[in-house]
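For the sequence shown, position 66 (counting from the first letter as 1) is numbered 649 according to our numbering, and the numbering increases by one without interruption. In this text, a Cβ means the ideal position worked out from N, Cα and C, and glycines have one as well. Keep in mind that this is a model prediction, so the values were computed, not measured.
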Amino acid sequence: MRVAIYPGSFDPFTNGHCDILKRAAGLFDHIIVGVLVNPSKSCLFSPEERVEMISEAAKDILNVRVIHFNGLLVDFCHQTKACAIIRGLRAVSDYEFEMQMFSVNHQLAKDIETIFLMSSPRYSFLSSSIVKEVARYKGDISKMVTPLIEEKLKEKFYSS
Ligand code: PNS
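Shown next as structure tokens:
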């Protein structure tokens, strides 16, 4: 069984992430979305909230499981018996960071392959930061995230 990890912060998960996930799910038997728990990075959503939101967004993709992890990504791959890491590439600006991450992961674990999928053009501008920025100023994010994630963002920014 071919298992791949789709890792990220996903703060929050966007329709662009979902597009990459759907396409990766067609290439592997099983995909694990790995939500990074990173104490040094302040996220808007807790790991549990992110797992819940992604699980709902991906509920129709049957070969997907969503879990959070901490520590090294390659260790998480070995623990889950994954043979590959999936990453989305939107533009040339993503390349430098992705190349660095690939190089580190490859150095640490030669048995784990990294597969890059190009973003669909309609999502090439989209990022979690853009979504938060637009949501914060009450812009329309309905085409950027699922209805549940839109609602959760509104709760974060407008309630209280
Ligand atoms: O969505 P992001 O924030 O670009 O995802 C980055 C992520 C989570 C894939 C990366 O930070 C990661 O793998 N972190 C785990 C720690 C690790 O393995 N670091 C070495 C490779 S950079």
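Reduced DSSP category for residue i - H, G, I as helix; E, B as strand; rest coil
i, result
"Phe685", "helix"
"Tyr741", "helix"
"Phe652", "strand"
"Leu627", "coil"
"Val620", "coil"
"Leu672", "strand"
Those residues which DSSP pairs with residue i across a bridge
i, result
"Pro730", "DSSP lists no partner for Pro730."
"Glu696", "Ala667"
"Val586", "His613"
"Gly722", "Beta-bridge pairing links Gly722 to no other residue."
"Leu647", "One detail in the question is off: residue 647 reads as Val in this sequence, not Leu. Answer is Ile614."
"Gly591", "Val618"
"Met701", "Leu672"
Residue i burial status per 10 Å Cβ neighbour count (16 or more: buried)
i, result
"Met636", "buried"
"Lys737", "exposed"
"Pro595", "buried"
"Phe708", "exposed"
Does the contact criterion of 3 or more C-beta pairs under 8 angstroms hold for the region 628-648 versus the region 667-675? Judged by Cβ distances under 8 angstroms, the region 628-648 makes no contact with the region 667-675, as fewer than three pairs qualify.
Contact between the region 599-606 and the region 694-703 (3+ Cβ pairs under 8 angstroms): A contact exists between the region 599-606 and the region 694-703.
Below 8 angstroms, how does it come out for the region 585-594 and the region 607-626: are there three or more Cβ pairs, yes or no? yes
Just checking, does the region 630-644 make contact with the region 718-736 on the three C-beta pairs under 8 angstroms criterion? yes
Per the contact definition of three or more C-beta pairs closer than 8 angstroms, is the region 674-687 in contact with the region 619-631? no
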